[in-house]
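Protein chains in written order, with this note's numbering: chain A, 3 to 360; chain B, 3 to 360.
From the three backbone atoms N, C-alpha and C, an ideal C-beta is built for every residue, glycine too.
Computed from a prediction, not measured in an experiment: that's the story for all the values here.
Data block below; observations after.
2 protein chains.
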Amino acid sequence: MAQHQTRQRRPSIHDVASHAGVSAATVSKVLAGVTTVKPENAQRVFDAVEHLGYRVDPLASDMRRAKRRIIGAIMPEFESEFFGSMVTELEGLAEQRGYTLVAASSRESEAREKEILARMHDWRVAGVVLAPVRNEHGPAAAFMKAHGMTGVLIDRVLSDDAFDTVSADSFAASAEVARMLIGNGHSHILVIGLAEQAATVRARLEGFRSQALALNPSVRIDVITSEVSVEPLRSSLREYFARGERPTAVYSLLLKGTLVALSEFRRRGWHCPNDISLVGFDDAEWMQVTWPAIAAVVQPVHRIASEAMNLLFRRVEGDVGPPTARLEPCQVLMRESVGSPGDGPHSGGGDRQQPPLS
Amino acid sequence: MAQHQTRQRRPSIHDVASHAGVSAATVSKVLAGVTTVKPENAQRVFDAVEHLGYRVDPLASDMRRAKRRIIGAIMPEFESEFFGSMVTELEGLAEQRGYTLVAASSRESEAREKEILARMHDWRVAGVVLAPVRNEHGPAAAFMKAHGMTGVLIDRVLSDDAFDTVSADSFAASAEVARMLIGNGHSHILVIGLAEQAATVRARLEGFRSQALALNPSVRIDVITSEVSVEPLRSSLREYFARGERPTAVYSLLLKGTLVALSEFRRRGWHCPNDISLVGFDDAEWMQVTWPAIAAVVQPVHRIASEAMNLLFRRVEGDVGPPTARLEPCQVLMRESVGSPGDGPHSGGGDRQQPPLS
DNA sequence: TGTAATCGATAAATCGATTTTTCGTTCTTG
DNA sequence: CAAGAACGAAAAATCGATTTATCGATTACA
């Protein structure tokens, strides 16, 4: 059978051509929808394509094109819900536009980030959605600039003079957190974070600090950050509590910090919100099913993704206007982990709250 | 400047050739490490490459090759820690071997799964790591078989007659959960899950049921599953409790079910383990920082990933032996959410346990 | 009726590499 | 010293498409 042959070697456009009794050029034109082909021949081409199971070889087809219908996405990591959802959203949006999304993670390495970018450039991607490891001033963005790549920067960025940027409005969200904590009467607050992610984390810290001080000039704000990984943060926090510091609330600037805080509370037998209040930047599904539910800042993943894609495709289609810097609003969910300082700080065993049944 | 020109058009191998005063063939050979080139010419080629910032165009280079140094990874979703970690591991392992990993998610759709696979086939990937939406008998595996692709199936699979498979030993892990729950005196246990993911979930259920019945033939095991999404599961569970069913323990066959269970417990004001015990398949970082910490089955993500890659590369390198079916052992972490039925079921307010300080 | 315009399709050039073939030189060796 | 082996490099074929140039056969028009 003819089918048996095709199992061995992938049919090329010439196989289709000879099977249909026309030339390769004609086949190409038929498949491209050119109308200057005799309907009879077109039909024979379609039949041959069907019969041989022919598919255009993208390698050969794209070789003559400057850009392929591929969008690259580079995330700092894939293990968090935030970037996982982000990739999922981006994939869907690319698919809607007839593009393929190719995802890769830089695994928090700027060197790898640049390498991946170079590879994507080699692949002639139409555009790139880059969530940089650090900020918009890293080597990756410089590479994109130097090679005239089209792209958009998201998440750990504020604004750039060459690329559109989209991120959560960390500053405003943190200010709202400050408003809520100060409003609840907290006057000694610990802020924890990882400083390496400069752009975003700094905005989160400043947004919080400025608003808190504006509302209560005498508020005490302690800050613990770790430059690289999460473990130094954990030990700093442990030491902080061990030397007797007793803030009434903790604001974690990122998800990993929230987990560290919870685990340290646990070690000391502290419960939220009676012993200490907790708010974390970045929401997660589990935070609403624990007891207490954890207050969190929800990042608008969907809006960031769709805005990023809108801006990116505008560029892909040739727009050369000045870059935009978008800040998408967050939602602050004040859940049970936040209370007022008077409710029994560090007593070690207040009553649990009973949510209404049904 | 010459550099200014290269900013416009990407330098080709011919640019390098003319700049070095040799032919394109010689450039290609030098870069491929062929030793039959006069050292003097080789040096001139290297200089030209350096000067022009030349990089081999993978599209052109790979066109003549049957396979590219690319591994495709297709996961059902990216939003859970499990698959996020899986992709991260796979990416690292591919990189170690000098391959690039291209990740995509089928977003729980078998149709999309097959499309992605076809695209990867078009891209001439060297191999594919497929975590199928349902099981090893879906259209995607059939496609791979029909087109002679090399690949390995992971996670929601048991064994296959054409491909190597690697998954967690759900059966054994569930049996151990049964042993622990029965050992703690539970005699009425509810198992919840989503049945669509046939292969794994069925193994989890059967492993649990067989072991539980073996240890206590009179144990009562209720099962609630939902075919498609998580919401029907939630309402079934709600209705189950509403009509007065009071199992002393719940075993969730997947992470989403664990969240649903916790959220239903919360609605009713039940606390683990005093009111009801809970074990979930799939661990997550937050499960050890909540109060109580949630007992869970830890899947050996790292081992699954590295075994999958080992098997895959064996095939890529030409091994044609019969397919292997690997089951990697899980770890069962019995944390605080599991207790004994006598400790005050459904009393609605047992004392919290205090873990040791420091 | 002879030439021009039109139509449909094919041949050939192109994309940017790799690999095989060919072709001068130089070096052996009888 | 001439024939053959060895060497190094260039020319040409190849991968599989797309696109431009070309060409023959009709059809239109003067």
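{"Asked": "Short CB-CB distance (under 8 Å) between Ala50/A and chain B", "Found": "no"}
{"Asked": "Interface flag, Pro302/A vs chain B, CB-CB below 8 Å", "Found": "no"}
{"Asked": "Proximal residues to Arg211/A (C-beta, below 7 Å), its chain only, five neighbours per side dropped", "Found": "Ile223"}
{"Asked": "Limits of the unbroken beta strand (DSSP E) element including Ile223/B", "Found": "Arg222 to Ser228"}
{"Asked": "Contact between the region 110-130 of chain A and the region 144-164 of chain A (3+ Cβ pairs under 8 Å)", "Found": "yes"}
{"Asked": "According to DSSP, residues forming a beta bridge with Leu119/B", "Found": "Paired residues: none, contrary to the question."}
{"Asked": "Contact between the region 48-60 of chain A and the region 104-114 of chain A (3+ Cβ pairs under 8 Å)", "Found": "no"}
{"Asked": "Residues near Leu192/A by beta carbon distance below 6 Å, same chain, minus five either side", "Found": "Asp224, Pro249 and Val252"}
{"Asked": "At least three beta-carbon pairs within less than 8 Å, the region 303-322 of chain B to the region 280-287 of chain B", "Found": "no"}
{"Asked": "Reference Gln361/A; option with closest CA among Arg114/A, Asp64/A, Ile72/A and Val334/A", "Found": "Since the first residue shown for chain A is 3 and the last is 360, residue 361/A is missing from the structure and cannot be characterised."}
{"Asked": "Members of the region 72-86 of chain A near chain B, C-beta cut-off 9 Å", "Found": "Glu79, Phe80, Glu81, Ser82, Glu83, Phe85 and Gly86"}
{"Asked": "Local conformation of Phe145/A per DSSP, three classes", "Found": "helix"}
{"Asked": "Within-8 Å CB hit, Met311/B to chain A", "Found": "no"}
{"Asked": "Straight-line Cα distance separating Val221/B from Leu215/B", "Found": "6 Å"}
{"Asked": "Contiguous alpha helix (DSSP H) assignments of at least 4 residues, all confined to the region 50-75 of chain A", "Found": "60-65"}
{"Asked": "For Ile296/A, the nearest candidate out of Leu261/A, Val230/A and Leu95/A (CA to CA)", "Found": "Leu261/A"}
{"Asked": "Chain A contacts made by the region 92-119 of chain B, where a contact means CB separation under 8 Å", "Found": "Glu93, Gly94, Thr102, Leu103, Val104, Ala105, Ala106, Ser107 and Arg109"}
{"Asked": "Cross-chain neighbours of Met65/A in chain B, by beta carbon under 9 Å", "Found": "Asp59, Leu61, Ala62 and Met65"}
{"Asked": "CA-to-CA distance, Ser231/B to Leu183/A, given in whole angstroms", "Found": "38 Å"}
{"Asked": "Within-8 Å CB hit, Arg222/A to chain B", "Found": "no"}
{"Asked": "Residue range of the unbroken alpha helix (DSSP H) whose run includes Arg236/A", "Found": "Val232 to Ala244"}
{"Asked": "Under 8 Å by beta carbon: chain B residues contacting Thr90/A", "Found": "Glu79, Phe80, Glu81, Ser107 and Arg109"}
{"Asked": "Classification of Thr292/B by the beta-carbon crowding that lies within 10 angstroms, buried from 16 upward", "Found": "buried"}
{"Asked": "Amino acids of chain B, ordered along the chain, whose beta-carbon sits closer than 8 Å to that of Glu287/A", "Found": "Leu261"}
{"Asked": "Contact the region 165-185 of chain A vs the region 325-341 of chain A: 3+ CB pairs below 8 Å", "Found": "yes"}
{"Asked": "Neighbour list for Ala292/A in chain B, Cβ cutoff strictly below 8 Å", "Found": "First, the amino acid is wrong: residue 292/A is Thr here, not Ala. Leu264, Trp288, Thr292 and Trp293, listed in chain order."}
{"Asked": "Thr202/B and Ala327/B closer than 8 Å at C-beta", "Found": "no"}
{"Asked": "Entirely enclosed beta strand (DSSP E) segments - the region 241-294 of chain A, minimum 3 residues", "Found": "251-254 and 279-283"}
{"Asked": "Residues of the region 121-133 of chain B with Cβ closer than 8 Å to any Cβ of chain A, in chain order", "Found": "Arg121, Asp124, Trp125 and Arg126"}
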